[in-house]
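In my numbering, the protein residues as written are 17 to 80.
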C-alpha cells in the first residue's frame, strides 16, 4: 500500500484507521511502514500525525 500512498503525497484524502477517525489529512511523506499526515484546524494551527500503514483501513479521495 505504501506505493499507493506515495501517489497521494500533497493530496488531502479522507483517511480512516484503527486509531484515526475519518478526517481530511494531507499526506506529507510515506515510507515502508509509516505515513506522515498533516491537518490544519480552524484557527490555523498545524497538527501532524504518524500513522502505521497497516492500521489504515480506508483512504477515500476524489478522482483527478
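Every residue gets a Cβ at the ideal spot worked out from N, C-alpha and C, and that includes glycine. None of these values were measured; they are calculated from a predicted model.
Buried or exposed (CB count within 10 angstroms, at least 16 for buried), residue 60 = exposed
Cβ shell of residue 33 (< 7 Å), same chain only, five flanking positions each side left out = 67, 71, 72 and 73
request  = State the Cα-Cα distance for the pair residue 40 and residue 79, rounded to the nearest angstrom.
outcome  = 15 Å
message = Once DSSP output is grouped into helix, strand and coil, what is the label at residue 78?
response = coil
request  = Decide if residue 56 is buried, meaning its Cβ has at least 16 other Cβ atoms within 10 Å, or exposed.
outcome  = exposed
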